[in-house]
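Below: the structure, in structure tokens.
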Amino acid sequence: MRLRGTGNRNGRGIGTTAIVRTLSGITLPPQMPESLRLQRDQKRFTELPDIVLIAENLTSAVVVAMGLEWGNVVGAAVENELNRDEIALRIPFSVISGVRGLTEFAREDVIALLDSFEGSLTLEPDFGDIARFQAAEENIAPRTRLFIEDAHGIAKTTDGNPIRVYARVETETELAAAVEAGADALFVVPRKNEVDTGFFFADNEEALLDPDAEEKEQRKALSRLATLAGGKPIVLASDYGTSLRGILEVGTEADFTLAVFARDDLPGMGFTELAEALREEQRECEEEDIPTELPKIALRLSFFTANAASKEDLTLLLDKAQETDISQIILETGDTSLPLVADFVSGAATRLLPVVLLLSENELALCIGLQVSGILTLPKEVREAKRQIRTTSQSFAREAMIQALHKATRIEAEEDR
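Last residue of the sequence shown: number 425 in my numbering, and the count goes up by one each step with no gaps.
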């Protein structure tokens with residue numbers, strides 16, 4: 009829906025709507041919209057979300073914008089025409105005023121495009137609207153660029169549950185294929201060394217990243233990776249050897265997550281220690297006036313490893329992950345029993361820890377039934393995975409998974425006799 013008004017010719021903005029209400033002449037600051045609150049609780053924010061305020065008058069919008077702590081106001085649409093005092097205000101964001109029917113038609117927690125040059129507010133824009141917006145905004149940052157083709161939309165089951173598809177990539181060729189196929193995120197594996205093996209590392213001389221390279225070379229490779237990703241979130245499988253300064257500096261160019269394994273030899277299992285090291289490095293960069301952005305930290309876990317042998321060990325691991333602000337868990341299950349996997353995913357969910365599960369052959373329905381937040385697959389499988397997600401009911405997949413779980417539990421009980 010597109011509404012018209014008078015713009016202040018101060019740019020364009022795209023963001024989530026938040027409605028400013030008044031009570032007895034007192035402006036009431038809006039609460040964070042539900043969709044943003046869920047993303048915050050799941051630790052998906054790397055920066056404040058962009059907000060478009062919907063208000064009766066500009067004065068109320070300005071009051072809210074000055075004190076809003078949970079969002080970055082990029083624009084405001086107001087129903088009333090501007091009065092003399094409001095016209096004289098120097099507003100640092102885009103505004104359209106005199107929008108008839110605004111309070112009647114506007115809804116909270118939807119995407120809105122605000123264009124103060126043409127005086128328009130587009131609520132719930134389609135891909136074409138977004139394409140025109142991006143064409144007009146030549147300086148839009150790569151880390152906030154929106155992909156507009158249908159293939160790049162997050163796949164939802166027939167009953168509306170979103171499941172993100174991550175693509176495992178080693179080389180530039182695979183990365184390009186993953187982006188073209190519409191992967192929701194890129195799981196980049198570095199070149200392995202003598203110790204690191206398995207799915208989380210690449211036995212490939214053309215691998216995008218070499219954790220043993222000098223810091224300057226890593227910085228260059230990370231910057232190249234950010235450019236190639238074109239705004240897609242990047243999850244790096246890290247052996248704790250990734251250049252911290254490099255990831256902090258390039259973090260201003262892309263959305264990075266460091267996926268690390270748990271370390272039994274450290275009190276914080278490596279998570280706390282890594283977070284502290286990143287903050288310390290960031291402080292040094294600030295002293296040198298170097299712009300930085302902290303990456304998120306994820307746990308990568310393989311059930312092939314010895315420290316994932318028991319349910320008790322996994323419970324302790326989840327507790328520590330929750331304590332140390334882990335953003336998500338990348339899980340490789342192998343041939344691990346279904347009951348153990350289901351217990352782990354359920355335990356993660358109760359702690360608000362999203363799980364991305366490595367997709368084994370012909371097991372997509374099982375992954376959907378486990379109610380994971382994402383799946384990890386190869387670039388060539390991305391399109392088919394999204395197609396299957398969009399044609400599968402999560403409730404039916406859940407029932408099928410429960411039946412398979414009961415069967416597996418009975419078999420294990422019989423084997424233990």
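Virtual Cβ for every residue (Gly too), placed ideally from N, Cα, C.
Could you work out which residue in the options is closest to residue i when comparing CA atoms only?
i: phenylalanine 404; options: Asn169, Ala229, Lys394, Leu324; result: Asn169
i: aspartate 220; options: Leu230, Ser251, Lys240; result: Ser251
i: aspartate 93; options: Thr67, Pro37, Ala26; result: Thr67
i: leucine 131; options: Phe125, Val118, Ser124, Asp123; result: Val118
i: glutamate 261; options: Gly238, Ala283, Pro275, Arg418; result: Gly238
i: leucine 256; options: Met277, Asp272, Leu282, Gly278; result: Leu282
i: serine 102; options: Leu90, Thr280, Glu389, Val82; result: Val82
i: threonine 280; options: Leu217, Leu307, Asp123; result: Leu307
i: asparagine 18; options: Arg48, Ile99, Asn80; result: Ile99
i: leucine 348; options: Ala357, Ser318, Leu339, Arg359; result: Ser318
i: threonine 374; options: Thr181, Phe195, Glu407, Ala357; result: Residue identity differs from the one stated: residue 374 is leucine in this sequence, not threonine. Taking only the C-alpha atoms, the option nearest leucine 374 is Glu407.
i: serine 246; options: Ser354, Arg108, Leu217, Glu225; result: Leu217
i: glutamine 49; options: Thr179, Val72, Gln330; result: Per the sequence presented here, residue 49 reads as aspartate, with glutamine not at that position. Checked all of Thr179, Val72, Gln330; the closest Cα to aspartate 49 is Gln330.
i: glutamate 89; options: Leu274, Gly15, Ala73, Glu180; result: Gly15
i: glutamate 392; options: Leu230, Ala163, Leu266, Met277; result: Ala163
i: leucine 46; options: Ala357, Phe195, Lys415, Thr399; result: Ala357
i: glycine 276; options: Arg232, Gly249, Asp327, Pro299; result: Asp327
Which term fits residue i, buried or exposed, when burial requires 16 or more other beta carbons within 10 angstroms of its beta carbon?
i: glutamate 87; result: buried
i: phenylalanine 113; result: exposed
i: lysine 240; result: buried
i: valine 28; result: buried
i: arginine 199; result: buried
i: threonine 166; result: exposed
i: isoleucine 410; result: exposed
i: leucine 44; result: buried
i: glutamate 202; result: The predicted position of glutamate 202 is uncertain, since its pLDDT is 43 and thus under 50; no value can be drawn from it.
i: alanine 285; result: exposed
i: lysine 394; result: buried
i: threonine 341; result: buried
i: leucine 56; result: exposed
i: glutamate 320; result: exposed
i: threonine 385; result: buried
i: glycine 109; result: exposed
i: leucine 230; result: buried
Throw me the rounded Cβ distance for the residue i and residue j pair, which I believe falls under 8 Å.
i: proline 41; j: threonine 30; result: Their Cβ separation, rounded to whole angstroms, is 19 Å, which puts proline 41 and threonine 30 out of contact at 8 Å.
i: glutamine 396; j: leucine 365; result: Not confirmed; about 14 Å, so no contact.
i: leucine 346; j: leucine 413; result: 6 Å
i: isoleucine 305; j: isoleucine 334; result: 6 Å
i: glutamate 223; j: glycine 254; result: 6 Å
i: arginine 176; j: valine 197; result: 6 Å
i: isoleucine 104; j: serine 124; result: 6 Å
i: valine 187; j: glycine 382; result: The Cβ separation is near 17 Å, so there is no contact.
i: leucine 129; j: glycine 13; result: 7 Å
i: leucine 36; j: alanine 85; result: Not really, about 17 Å apart at Cβ, beyond 8 Å.
To the nearest angstrom, how far is the alpha carbon of residue i from that of residue j?
i: isoleucine 171; j: leucine 378; result: 11 Å
i: glutamine 336; j: proline 303; result: 12 Å
i: leucine 61; j: glycine 75; result: 13 Å
i: aspartate 134; j: glutamate 301; result: 31 Å
i: isoleucine 242; j: phenylalanine 269; result: 17 Å
i: threonine 205; j: leucine 325; result: Low per-residue confidence applies at threonine 205: pLDDT is 47, beneath 50, and the placement is therefore not dependable, though the value from the model is reported in the following sentence. Computed Cα separation, rounded: 22 Å.
i: arginine 10; j: alanine 120; result: 10 Å
i: leucine 244; j: leucine 236; result: 14 Å
i: glycine 106; j: tryptophan 78; result: 27 Å
i: threonine 332; j: serine 401; result: 34 Å
i: glycine 127; j: threonine 111; result: 17 Å
i: aspartate 272; j: glutamine 290; result: 26 Å
i: phenylalanine 264; j: threonine 323; result: 27 Å
i: alanine 234; j: asparagine 91; result: 46 Å
i: aspartate 192; j: isoleucine 338; result: 15 Å
i: leucine 361; j: valine 70; result: 36 Å
i: aspartate 58; j: valine 258; result: 21 Å
i: proline 38; j: asparagine 65; result: 15 Å
i: threonine 417; j: phenylalanine 352; result: 15 Å
i: leucine 309; j: valine 390; result: 22 Å
i: glutamate 288; j: glutamate 295; result: 11 Å
i: isoleucine 34; j: serine 354; result: 44 Å
i: serine 32; j: leucine 97; result: 24 Å
From what residue to what residue does the beta strand (DSSP E) around residue i run?
i: aspartate 272; result: Aspartate 272 -> no beta strand (DSSP E), and no H or E assigned at all.
i: leucine 56; result: No beta strand (DSSP E) holds leucine 56; DSSP gives it neither H nor E.
i: glycine 127; result: Run containing glycine 127: none; DSSP gives neither H nor E here.
i: isoleucine 383; result: 382-385
In the DSSP assignment, find the alpha helix (DSSP H) that holds residue i and state where it starts and stops.
i: glutamate 112; result: 110-113
i: serine 246; result: Run containing serine 246: none; DSSP gives neither H nor E here.
i: valine 390; result: 390-398
i: leucine 236; result: 223-237
i: lysine 328; result: 319-331
i: valine 71; result: 66-75
i: glutamate 289; result: 279-295
i: alanine 188; result: A small correction: the amino acid at residue 188 is glutamate; alanine does not occupy that position in the sequence shown. Segment 180-189, the alpha helix (DSSP H) holding glutamate 188.
i: serine 345; result: Taken as a continuous stretch (DSSP letters only), serine 345 belongs to no alpha helix (DSSP H), as it is neither H nor E.
i: isoleucine 99; result: No alpha helix (DSSP H) contains isoleucine 99, which DSSP labels as neither H nor E.
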